[in-house]
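In my numbering, the protein residues as written are 135 to 346. Just so it is clear, CB atoms sit at the ideal spot from N, CA and C, and this is done for glycine as well. Structure record follows, encoded as structure tokens.
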């Protein structure tokens with residue numbers, strides 16, 4: 135792990151654990167080596183940082199291209215392994231870059247909902263990640279963040295203090311993902327993410343979301 139990335143990670147842990155009372159579960163489910171796709175729900179601006187808290191390997195982040203329009207901010211997030219993708223259309227070049235990075239044994243965070251939730255619930259996830267997983271032979275790890283919506287939703291100008299929980303679910307091996315059809319794989323991840331979220335909410339005394 136690079137010194138700069140480790141410094142950023144430690145600084146983030148100090149700030150987030152102090153202001154947002156962050157708790158992280160299931161770190162052991164993230165493989166330390168090899169290609170890994172972390173599929174995370176998207177509640178807040180804070181989600182990319184939350185995904186990397188406490189993990190002992192660097193993560194790469196797919197970010198919408200507009201975040202790179204500011205030269206200095208673009209350089210900053212690039213130094214933390216973020217790279218741009220055009221969210222509103224199929225970006226073939228970006229998909230190839232993701233697969234290339236995974237084939238170089240990187241771990242990449244993807245947000246399959248494609249945009250932040252308007253209400254805290256996990257929106258139906260979009261396909262595409264399953265093709266990336268198969269082409270790269272990557273392990274897939276579902277990740278859920280809960281509480282970040284209340285802390286800093288898309289409707290808030292400034293963050294609010296609160297409790298945030300992050301859980302890394304059971305990894306899906308390349309063989310397991312290949313044995314599932316495309317729709318089955320997408321449905322499997324969708325169900326896992328929602329189940330994990332409601333488990334976190336119940337543990338913290340919150341009302342589970344209804345997904346019927």
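From the DSSP output, read off the bridge partner residues of residue 172.
BP columns for residue 172 point to 243, 275.
What do you reckon, is the C-beta of residue 317 under 8 Å from a heavy atom of the ligand FAD?
Looking for the ligand FAD in the displayed structure turns up nothing, as the structure carries no ligands at all.
When you compare the region 143 to 150 with the region 172 to 187, are there three or more beta-carbon pairs, one atom per stretch, that lie closer than 8 Å?
Taking 8 Å as the limit for Cβ pairs, the verdict is that the region 172 to 187 does touch the region 143 to 150.
Skipping 5 residues on each side, what residues in its chain have a beta carbon closer than 8 Å to that of residue 259?
Excluding residues within five positions, the ones whose Cβ falls inside 8 Å are 173, 246, 247, 320, 323, 324, 327.
Cut-off 6 Å between Cβ atoms - residues of its own chain near residue 288, not counting five sequence neighbours on either side:
Result list for residue 288: 250, in chain order.
Can you tell me which residues form a DSSP beta bridge with residue 294?
Residue 294 is not bridged to any residue.
Tell me whether residue 300 sits in a helix, a strand or coil according to DSSP, three-state version.
In the structure shown, residue 300 sits in a strand (DSSP, three-state: E or B).
Where the alpha helix (DSSP H) through residue 320 begins and ends
For residue 320, the uninterrupted alpha helix (DSSP H) segment begins and ends at 316 to 337.
Return helix, strand or coil for residue 194, following the three-state DSSP convention.
DSSP places residue 194 within a strand segment (E or B) once states are collapsed to three.
So who's on the other strand from residue 219, going by DSSP bridges?
Residue 219 pairs with 198.
If you follow the beta strand (DSSP E) that residue 159 is part of, which residue opens it and which one closes it?
Residues 157 to 159.
Should residue 339 go down as buried or exposed, given a rule of 16 or more other Cβ atoms within 10 Å for buried?
Under this definition residue 339 is an exposed residue.
Are residue 236 and residue 272 close, meaning C-beta to C-beta below 9 Å?
Contact: yes.
Output needed for residue 316: all residues of its chain with C-beta closer than 6 Å, excluding positions within five of it in sequence on either side, in chain order.
Contacts found: 264.
Sort out for me which residues DSSP pairs residue 280 with in a bridge.
Bridge pairing for residue 280: 299 [DSSP].
Is DSSP giving residue 306 helix, strand or coil here?
Looking at residue 306 - three-state DSSP - the assignment turns out to be strand.
How many angstroms separate the CA atom of residue 169 from the CA atom of residue 292?
Looking at the two C-alpha atoms, the distance is approximately 35 Å.
Residue 204 burial status per 10 Å Cβ neighbour count (16 or more: buried)
Result: exposed.
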